[in-house]
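For the sequence shown, the residue numbers in my numbering are 2 to 124.
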Amino acid sequence: MHSEKSSNPPNPLSSPRETRKEERKFRRVPVELHCLFSADGPNEWSGTVVNLSREGCAIRSTTPVQKGDYLHLLIFPCANHIPIEVGIAPVRWSANEQFGVEFITLAPGDATRLQDLLTIIGA
Numbered sequence: 002m003h004s005e006k007s008s009n010p011p012n013p014l015s016s017p018r019e020t021r022k023e024e025r026k027f028r029r030v031p032v033e034l035h036c037l038f039s040a041d042g043p044n045e046w047s048g049t050v051v052n053l054s055r056e057g058c059a060i061r062s063t064t065p066v067q068k069g070d071y072l073h074l075l076i077f078p079c080a081n082h083i084p085i086e087v088g089i090a091p092v093r094w095s096a097n098e099q100f101g102v103e104f105i106t107l108a109p110g111d112a113t114r115l116q117d118l119l120t121i122i123g124a
């Protein structure tokens, strides 16, 4: 006699963390902005900001980063403009050559320029 076992795979969305609806204070806006980022040390890497809000962004880059890393970030709104500098930006998630950071330290002038940029692009 042959007994069959259930071959249903476990539901990957069954954990409370993944089923919880993510709530954000500010809407993320799709963008394509050049950025540079660094961790402790002299190295600096290039990436592309792919969405942006007042409190964070997602970056596409082939440079591997880990959740919990603290980065320094320069976002270039367009050519010939001073970059928006984020002094402390912890990595909140990382997957598939993309990662998300939260803006912790942003000088008042940079915060104003970020808000102006978001207003211009319709956020």
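Just so you know, even glycine gets a beta-carbon here, dropped at the ideal spot from N, CA and C.
In this text the structure is predicted, and so the values were computed from the model without any measurement.
Rounded C-alpha distance that separates residue i from residue j
i: Phe-104; j: Val-50; result: 13 Å
i: Arg-29; j: Cys-79; result: 19 Å
i: Gln-67; j: Ala-59; result: 14 Å
Helix, strand or coil at residue i according to DSSP, with G and I counted as helix
i: Arg-29; result: coil
i: Lys-6; result: Bear in mind that the predicted position of Lys-6 carries a pLDDT of just 45, short of 50, making it unreliable; the figure below should be weighed with that in mind. Three-state result, Lys-6: coil.
i: Phe-104; result: coil
i: Pro-84; result: coil
i: Pro-78; result: coil
Candidates the options, of which the one nearest residue i by Cα
i: Ala-90; options: Val-32, Val-30, Ser-39, Glu-33; result: Ser-39
i: Thr-120; options: Gly-88, Leu-53, His-73; result: Leu-53
i: Leu-37; options: Gly-69, Ile-85, Asp-70; result: Ile-85
i: Arg-61; options: Gly-123, Pro-31, His-82, Gly-110; result: Pro-31
i: Gly-48; options: Arg-114, Ala-112, Leu-72; result: Leu-72
Cross-strand partners of residue i (DSSP beta bridge)
i: Ser-47; result: Leu-37
i: Arg-61; result: Thr-49, Gln-99
i: Ala-90; result: Leu-72
Beta-carbon gap between residue i and residue j smaller than 8 Å
i: Gly-57; j: Val-92; result: no
i: Glu-98; j: Thr-63; result: yes
i: Leu-107; j: Leu-118; result: no
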